[in-house]
Structures are given as structure tokens and as C-alpha cells.
Amino acid sequence: MREGKWIVVALALVVVAIGVSYYLFVSERDRQLAIREEVAQELDLEPEVLEDRSTGELKVTLYVYRPGATDSGKNFLRKEERTVFETGDPILTARQIVQELLAESKGVESGSGAQRVRLRTFSPKGHLRQLYLLDDGTAVVDLSQEIVQGILGGVTWELAVIESITRSLRENVPQVKRVFFLVEGKQRRTLAGHVSIEEPFM
Amino acid sequence: MFRLRRKILLNFWLILLFAALTHSLMAQDLTLRVGQESHRVEGATRDGKSYFRLRDIAAVLELSTNETSSRIDVFGPRGTLSLLDGRPLVHLGDQYILLTGPVWRRSKGNWYVPADFLEKVLPGILNLRLTKESDGTYRVQGVGRNRVRVEFLNYRDHLSVVFRSSRAGVTTVQEFRDYVEVRYGEYLVNADSIADSPDQDLIGSVKFVPEEAFGTFRVEKGDRFYSFRESRLSDPPRLVLDIFPRPGTARSAAGSAATVDLPAAAGSGTSREPTDEDPGQQPRIPVIVVDPGHGGEDYGVDVYQDVLEKGLALVLARKIEQRLVASGEGVRLTRFRDVDLNAEQRSAVGNFHRAKVFVSVHVGGAPLPQTSGAVVYIYDPPPAEFRVAQTKPEDGGGEENDHPELVRWNEGQIGYLNGSRRLANLMQTELNKLFGIQNKVVEARLAVLAPVMAPAVLVEAGFLTNPEDLEMLGNDQFQETLAYTIVQVIRKFLESR
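Written as C-alpha cells, this is what we have:
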């Protein structure tokens, strides 16, 4: 009888242990989701938020992929003027520039029938996860995986993504001396299979 | 009494916590199921990769081993494989197979192999098949038999070697300097007796090597062998090798000479006649390494679903290989099949074979459809301030190095940049003529080229995102011309060194 009682107690403890573990798991998952949402909201750079901090307008020059270019030299990109919020904060300026580049990429229809596709430098599903500016002038640009998946192949495509972000940041934000890329918060050997991103770009 | 219960409860919680921690830290073991029995193979984790203990695998599959301090040989019923501590290469028969991670000798008698060893290497020495049932569980089963009969059909302009099978299984065809190899997988081959040689001097004889793969046939090249084409037919399953003689030297079925009309090269206006060099001459060592880009899960340019870069790159690389072999060069491909290799594995093949030239073959993709033509890339090292150490470049400079004979893996290419640039310029010029467009050589930090200790280029032979390029690249004759152009440039480069 006593043994039976202990078995019931042990089983009850196991059930409680599973319950506690599940509760801890769920609460940690919810916490992570909340943090992610908070970061995403911060990065949305809602115009109202920026407007509040804005002291005026700032003209910036975006560098975007030039149609037909293969040479990664100065002719690889073409200039486009844009206006962003002047905030006096180099990080906010840099973020707005990258957001503008992502939005810039409307793309061009190619192919026909079922094979019709829209080609564009940055996938519309992709987003900037985070952008940091280190003391030594390194801008750390953390891109979402969708941007990498949107690179449908080829060195030129990868270079277009890297060069347009690097040059646009370097030309418009004096504090940025070099640009280092992360994907989903992690360092990678290459951006999308070809070009090494283990070292910063200047 | 109350104290005792509290102690028991506390111990229970501690045991539960310990078990949970141990479970989360332990690497996943592997289960090999043989009939109703399950055998555990100890797992371990190293550098984030799963490894399994070779001793356990050998015990289940009844394989014997012979170990020295840095090498272990594994003996199976159909062959022997050799593993070296710290190396990702497995020596099996006369070939090397690359694993996703290095073999690990944890201690004496405790060798660990990466997970892909089971599917990639082990079947080569077994009479058994390993079928994956779920993650971490494989079923060990006997292998069925495949009866293969070899027939020869003589045509006016070529010879067909027909491999007629009783079961449809996996076959791979690979060309070597002296023979064409047909490897069977999936089922063990029982070869019917083979007539030693047909009445032709296109091929020497067909030999059956039962210990290679699940059975391998070697079709030895004859004096007039020039090229071959493979095709697969069903009902009954057949693999056909059409073997063609050198242009202008074809023989009729009766044995008299006749002219063969091979397709002419398109676009270039140059002759595609092969070199007059003896194709049977000994290949020089080191060899030319051709790397077909992408493969497996990595499709490469994937804009239009019916044309993938990985397939096109392999087709082009095989054509380049055939032409180089025909001109007497030793050639190695980094992959022969639709498998994915990472950049390190590709470069490793180049350095392992002491490549005298390394050419990575790709086709391009761009964010806009206007971009077209071929682009040749060379390695662009990051600025010196970002590099951990510097090696002495060809044109002088460099810094102190405690071990000057050693070069850091990712800096292997730095000493060969001048050669790479010269090769790239030659190739870009010729490919521009072919595409009728003026593209320039591009310098980029390409991971695959960084470690290669040889003149190395990456060629994107046209853009799949450009409608005109896409159409041209789908044309077999244009592919032949591309291969011809690339081969001519490689030969010109080597001759001018």
C-alpha cells in the first residue's frame, strides 16, 4: 500500500516536472518573440517617429545597380538622389539609407508566360534586421535571410547588393569608414555562395 | 519522516535536472537497425558537426580495421577504404571522396567519421544497403542483384556499347584518360560474360571490376577514340555509350574508312578540329582542375525553373574536360555528379591535385535582364589591414612569416595573382569575341578562389537572366564552342608560361 502511494507521488512529480518545463519553454519563447517584435518595431523607422526627431530634410545619394554593368568599378552603380529625415544621428541616417535602397528595388519584368519573373537587386520580402556603428567607423549591416534568398544567383548580383549598400553608406555618412555584413545576426563565409563577407568592405 | 521526504524530493529534482542537462549536451547517437535488432552507434559533436564512432559501425556491419597512429583502413566485402586523421578525404579504390568534415581520431581505437560517411563512402565497400529511416536511424538491408549484359553495335560512323540491365538502378558514367567507366549503384551487378572486344579499334576491351561500387565496367579507349555520348533507355533498362572516332577517320561496320560529319562549332568561325597531339600521351602532373559551380541543393542561378546553373555548369565542365583530355592534358573535375560542395572542398581539390590552372565554371545572373556576355573573375584580396597575416606576393612585398614555407589557407591565391590576371585577360578577350560584347575582367573576393595555389579564374559564361544569353546557352553547339574557346585559352596560357 505504502509502495503504491510512493509510485503515485513519483508519477505526480514527473507530471509536475513536465508541466514546469513546458511553462518555462513557452514563457522563454514568448519573451524572445516579444524582443524580436520590439527590435522590428524599432527598425520600422515609422515616419512619425523620425519626424519627431527630425530637424529638417537631408539629401542623400543612393548608389544602385546600373543596367548591364558587370565591372565592379565606378561604372557598376548609378546615382539616385533621395531625401531622408535629418536627425543628426549617423545610425538613423544609415538605416534610412539602407531602407531606401531596399524600397528602391522595384525590379524589371523578364521572361514570358509561366516563366515571367521580376528581377530586382533586393527581395521585397527582405528587410534590414539591425545596423550598428562601431567606434572605429565600421557599420555592421545585419540583413535578413530573405535578402540572401532574393539573390537568384551569380557574382554580379551579390556584388550589386554589397556594393550598393557599402557605397551608399560611405558616401553619405562620414562616420562610416567600412561596412561589415551579417545575415540573420551571424557572420557568414559568403553572402550568397560566391563573395566572401568575412572581412569588411571599404 | 518529513525531512526524509524532502531529501527524496530534492534528489529526484536533481536527478531530473542532471538527466535533462546531460541529454541536451550529448550528441545524438545513431541507430543501425538490422532485422528486428537495433544497434547503437555512439555520436559526438565537434565544431558543430555530428560525428559517429567508426568502431561501432564496423562492429554492426562486420568490417575489419587496421589502424596506425594517423591512418585507419576499413576492409569490407567489396573493397578497402582508408581514412587519415584530420583529413576530409577518403581513399576508396582509385578515387578520393570528400566528406563534409575531417575524420577525427579521438584516441587510439576511437575514430569518428562525419555523418555523410554512411551514405557517401560506406556503400562502396559493402554488400549491404543503408536506408535512412529517420534522422539518426538507418536500416541495414541486403542488396538485390542486377544482371547486366554488354552488347556492341557497329554503325557506319560510331560504335554503341549497350549495357542491358535486369533492374533499373543508379549508374554514373565518368571519363578517364585511358577508359570510360560505368559505375552501378543500388544493386549488386552480376555481369554476363563479355566478348573481349568488338571488331573495332575505337575501344580496346570492356572489363568488369566487381569490387568497384556495386560493380563497374571499364571501356578501354582504342587508338581512334575521340568522344562519347551517353543515353539511358528503359524497358528493358539500358545504358548506351555511343563512341565516336576522330573526325575524318570513321570506319564502316565492315571495317573500311569513312568520313564522319560531326556538328560544326557555331559562332566563332574558328576550327574545332582537335589538336594533333597524341591523346594517349602521359598527363603531366600537376593537372588542370575544372570546377563545375554549385550542385545538389545549391541550384546556382535559379530564375527560370527549367534551366538551372548547376546543371549547365556541369555540362560545360564535362565538355571542357573531354576536350582537354583529348589534347593530352591531365584534368580533374571537382564534381562529376549533382552534388553540393562548399568553397573549401572545391579549392581543396585544386590544391590536392597541385592544379597548374584552376577554372571554376559558372553561368551568371544579374538583378536586371540587360546584363549579358561572359565575365571572368579573379580573386581580389581584402585590404592588408584586414588580413591576419600576409604572404609574399609575386611582385614582392609581404611581411615576416615564422614559417615561410606555409601559407594561410585563405591566402593561397595571393602569390598567384599575376598569373590569374594574365589567364583572365586572355579568357575575357576570347569570350568577348564569342558573345560580341566588351566585358572586363572583374576582381572580387571570391571564396572559392582565395585558397587556390595556382592561376585561378571563375568564369560566368553568359547570363541566364538575359534572354539572348539564355537561348544561346541552351544550344549544344554553342556549349561546344564555349568549351572549345576556354580550352584553347587554357592551352595558350600554359604554352606561354
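Residue numbers (this note's numbering), protein chains in the order written: chain A, 20 to 221; chain B, 327 to 823. Quick reminder that beta carbons are idealized off the backbone N, C-alpha and C, glycines included. The structure presented is a predicted model; accordingly, all values stated were derived computationally and were not measured.
In this structure, A:148 is the residue among A:173, A:72, A:148 and A:92 with its C-alpha nearest to the C-alpha of residue 117 (chain A). Only 208, 209, 212, 213, 214, 215 and 218 from the stretch 205-218 of chain A bring a Cβ to less than 7 Å from some Cβ of chain B. Neighbours of residue 48 (chain A) in chain B, taken as residues whose beta carbon is under 8 Å from its own, are absent, since the nearest beta carbon is some 16 Å off. The beta carbon of residue 771 (chain B) falls within 7 Å of a beta carbon belonging to chain A, placing the residue at that interface. Where residue 761 (chain B) is concerned, the enclosing alpha helix (DSSP H) starts and stops at 743-761.
Under the three-pair Cβ rule at 8 Å, the stretch 178-194 of chain A does not count as touching the stretch 736-744 of chain B.
By the criterion of a C-beta distance shorter than 6 Å, residue 200 (chain A) is surrounded in its chain by 160 and 216, once the five residues flanking it on both sides are discounted. The Cβ-Cβ distance between residue 639 (chain B) and residue 688 (chain B) falls below 7 Å. Within its own chain, the residues whose Cβ lies closer than 7 Å to the Cβ of residue 448 (chain B), once the five positions on either side in sequence are excluded, are 456, listed in chain order.
The count of Cβ pairs closer than 8 Å, one atom from the stretch 426-435 of chain B and one from the stretch 365-376 of chain B, reaches three, so the stretches are in contact. The Cβ atoms of residue 704 (chain B) and residue 746 (chain B) lie closer than 7 Å to each other. Against chain A, the beta carbon of residue 669 (chain B) has neighbours under 9 Å at 208, 209, 212, 213 and 215, listed in chain order.
For the stretch 760-788 of chain B, the residues whose beta carbon sits under 8 Å from a beta carbon of chain A are, in order, 765, 766, 768, 769, 770, 771, 772, 773, 774, 776, 784 and 786. The beta carbon of residue 683 (chain B) does not come within 7 Å of any beta carbon belonging to chain A, so the residue lies off that interface. Pairing residue 630 (chain B) with residue 530 (chain B), the inter-Cα distance amounts to about 43 Å. With contacts defined by Cβ atoms closer than 7 Å, residue 209 (chain A) and residue 198 (chain A) do not form a contacting pair.
For residue 481 (chain B), no Cβ of chain A is located within less than 7 Å of the residue's own Cβ. Residue 491 (chain B) has its alpha-carbon roughly 20 Å from the corresponding atom of residue 450 (chain B). With contacts defined as CB atoms closer than 7 Å, residue 500 (chain B) and residue 678 (chain B) fail to qualify as a contacting pair. Listed in chain order, the beta strand (DSSP E) runs fully inside the stretch 133-212 of chain A are 136-138, 147-152, 157-162 and 197-202, counting runs of at least 3 residues. For the stretch 747-761 of chain B, the set of positions with a beta-carbon nearer than 7 Å to some beta-carbon of chain A is empty.
Contact check between the stretch 776-784 of chain B and the stretch 104-113 of chain A: fewer than three CB pairs, one atom from each, fall below 8 Å, which does not count as touching. Two segments are said to touch when three or more pairs of C-beta atoms, one from each, lie closer than 8 Å; by this definition the stretch 457-468 of chain B does not touch the stretch 388-401 of chain B.
In terms of beta-carbon proximity, residue 643 (chain B) stays away from the interface with chain A, with every pair separated by 7 Å or more.
Counting along the chain, residue 100 (chain A) sits inside the beta strand (DSSP E) bounded by residues 96-105.
In the displayed model, residue 410 (chain B) falls within a strand according to three-state DSSP. Per DSSP, residue 443 (chain B) is one residue of the alpha helix (DSSP H) stretching across 443-446. Taking 7 Å as the threshold, the shortest C-beta distance from residue 703 (chain B) to chain A falls below it. Three or more beta-carbon pairs separated by less than 8 Å are not found between the stretch 411-425 of chain B and the stretch 464-472 of chain B, which leaves the two stretches without contact. Interface flag for residue 737 (chain B) against chain A is unset, since no Cβ pair is found closer than 7 Å. Cβ neighbours of residue 570 (chain B) within its own chain (closer than 6 Å, five residues either side excluded): 484, 552 and 553. In the structure shown, the three-state DSSP call for residue 682 (chain B) is coil. Here residue 122 (chain A) carries a helix assignment [DSSP, helix/strand/coil].
Looking from the CA of residue 442 (chain B), the closest CA among B:377, B:466, B:467 and B:480 belongs to B:377.
Assignment of beta-bridge partners to residue 817 (chain B) by DSSP yields no partner.
Taking residue 779 (chain B) as reference, the option from B:336, B:702 and B:734 with the minimal CA-CA separation is B:734.
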